[in-house]
Each structure stands twice: as structure tokens, then as C-alpha cells.
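With positions in the sequence shown counted from 1, the corresponding number in my numbering is that position plus 35. Idealized CB from N, CA, C, for every residue including glycine. Note that the coordinates shown come from a computational prediction; the quantities given were computed from them, not determined experimentally.
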Amino acid sequence: MDGFGRVPYQAEEPVFHEPWEGRTFALLGAGMVAGLYGTPVFRHSMERIEPPRYLASSYFERWSIGLATLLVESGAVTAEELDAALGEPMPRSLPVRAPRLASPGPDVTEPCFRVGDAVRVRNEHPVGHTRCPRYVRGRVGTVTIVHGPGNLDDVEAHSDGKRLEPVYAVRFEGSELWGATAEPRTSVTIDLFESYLEAS
Numbered sequence: 036m037d038g039f040g041r042v043p044y045q046a047e048e049p050v051f052h053e054p055w056e057g058r059t060f061a062l063l064g065a066g067m068v069a070g071l072y073g074t075p076v077f078r079h080s081m082e083r084i085e086p087p088r089y090l091a092s093s094y095f096e097r098w099s100i101g102l103a104t105l106l107v108e109s110g111a112v113t114a115e116e117l118d119a120a121l122g123e124p125m126p127r128s129l130p131v132r133a134p135r136l137a138s139p140g141p142d143v144t145e146p147c148f149r150v151g152d153a154v155r156v157r158n159e160h161p162v163g164h165t166r167c168p169r170y171v172r173g174r175v176g177t178v179t180i181v182h183g184p185g186n187l188d189d190v191e192a193h194s195d196g197k198r199l200e201p202v203y204a205v206r207f208e209g210s211e212l213w214g215a216t217a218e219p220r221t222s223v224t225i226d227l228f229e230s231y232l233e234a235s
């Protein structure tokens with residue numbers, strides 16, 4: 036997305052601006068260690084925040100809303116207990132829209148693309164979690180590295196298991212992403228799972 040102006044920069048910025056940010060960070064890690072959720076599920080909890088609230092929230096405010104959502108959804112606390120402890124209603128994310136996968140499916144370990152192959156990113160818009168950036172969907176790039184299999188976040192976020200799938204570094208020329216207004220000799224390289232790609 037664009038139109039938000041320059042990214043604010045603070046010299047020698049602290050890791051946490053307020054004590055509650057550090058507590059949010061610690062609580063999130065504790066929930067992961069306890070097995071309540073994994074990273075893809077947590078990311079999706081923030082993606083489900085209502086857009087106006089998401090855009091108006093700070094980095095750790097999004098974390099706290101996502102964390103509160105997962106604690107309630109996992110049954111660790113009730114919404115009433117959380118609100119009572121805060122003394123006011125705690126914002127939570129919208130419900131998951133994507134259907135739950137019955138099975139993560141079999142691992143895919145053999146890559147079907149090679150370095151130098153031209154690939155197009157599938158122009159798909161899932162209602163669930165995905166690690167495929169919107170601005171590369173439908174665009175053509177070149178495979179520069181075959182990383183090997185990695186855990187497909189899209190599956191883990193919506194099933195009780197994990198599935199491995201090849202990951203590729205794909206280079207996109209600036210002109211492919213932004214047209215004639217792209218800065219000369221600009222390119223962007225993005226790691227993408229195999230299921231995001233098709234031969235071009």
C-alpha cells in the first residue's frame with residue numbers, strides 16, 4: 036500500500052516504547068511455547084483485524100489485538116475475563132473466514148522449477164492466511180535460488196498440521212511491478228512457495 040507518507044525514523048529507537056509492549060511480546064512467546072498457536076496462526080489473527088482499526092493501530096497494538104483474539108479463541112481466557120481484567124472491552128479480530136483444512140496434505144520436496152526459469156505468480160486472493168504479497172500477484176519473475184522445502188504457512192494457519200513445499204527466490208524487474216514509472220535498474224527479489232507459482 037502507498038499514500039501513507041514517509042516511514043517515521045527515530046535515532047536510537049528503543050525496542051519497546053512502553054512497558055506493555057514488552058509484556059505483549061513475552062505473552063506471545065509464552066503462548067507459542069504452550070502450544071496454543073504458531074507463527075502463521077498469529078499472523079492471521081492480525082490480518083483479521085478490521086481494516087480501519089488495523090491502519091490506525093501501532094505495531095504492538097496489532098500484536099496485542101491478535102494475541103487477545105488467540106487467547107480467547109484457544110480457550111485460555113474468556114472474553115469476559117479479559118474485559119474484566121482490563122476494565123474495558125478489549126478489541127479482538129474478526130472470525131476466521133477460511134475453511135479448516137481436514138488434512139495438511141502430503142509434503143512436496145522435489146522442486147518443479149529451476150534457476151533461470153520464468154515464473155508467473157498466480158493471481159489468487161485467498162480469504163485465509165497467505166505469505167504471497169499482493170503486489171506480485173499476476174507478475175512474471177525469474178527464479179534465482181531454489182531454497183528447498185519449507186513449511187507452508189498457508190496450510191499451518193488453517194489445519195492441525197504442517198506441509199513442506201519448495202521455496203524459491205524470484206527476481207522481479209521494477210518495470211514489471213510498477214511499469215514505466217519504475218526507477219531504472221530496480222529489481223525486487225522475494226521468497227515464494229511453489230504453489231504460488233506457475234510456468235510463464
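Using a threshold of 8 Å, state whether the C-beta atoms of residue i and residue j are closer than that.
| i | j | result |
| --- | --- | --- |
| phenylalanine 148 | valine 178 | yes |
| arginine 157 | aspartate 189 | no |
| leucine 63 | tryptophan 98 | yes |
| glutamate 200 | valine 154 | no |
| arginine 127 | threonine 113 | no |
| glutamate 85 | leucine 129 | yes |
| histidine 164 | histidine 193 | yes |
Please name the residue, chosen from the options, that lies closest to residue i on a Cα-to-Cα basis.
| i | options | result |
| --- | --- | --- |
| threonine 74 | Trp55, Pro219, Thr144, Gly101 | Gly101 |
| serine 235 | Leu212, Glu123, Val175, Ser93 | Val175 |
| histidine 182 | Asp37, Arg41, Glu145, Thr216 | Glu145 |
| glycine 38 | Trp55, Arg58, Leu90 | Leu90 |
| glutamate 53 | Glu96, Asp152, Glu47, Asp195 | Glu96 |
| proline 141 | Val42, Gly196, Asp152 | Gly196 |
| proline 43 | Glu233, Ser93, Ser230, Trp213 | Ser93 |
| serine 230 | Gly214, Pro184, Thr216 | Pro184 |
For residue i, list the residues DSSP reports as bridge partners.
| i | result |
| --- | --- |
| glutamate 200 | Gly185 |
| phenylalanine 207 | Val223 |
| glycine 176 | Val154 |
| glutamate 233 | Arg155 |
| phenylalanine 228 | Val202 |
Would you grab the beta carbon distance between residue i and residue j for me? Rounded to a whole angstrom, and I think it's under 8 Å.
| i | j | result |
| --- | --- | --- |
| isoleucine 180 | valine 223 | About 14 Å; that fails the 8 Å criterion. |
| tyrosine 203 | leucine 187 | 13 Å between Cβ atoms; not a contact. |
| arginine 198 | proline 139 | 4 Å |
| valine 162 | alanine 137 | So it is not a contact: roughly 17 Å between Cβ atoms. |
| arginine 83 | valine 131 | 7 Å |
Exercise. When the Cβ atoms of the segment 205-215 are set against those of the segment 169-185, are three or more pairs found closer than 8 Å?
Worked result: The count of Cβ pairs closer than 8 Å, one atom from the segment 205-215 and one from the segment 169-185, reaches three, so the stretches are in contact.
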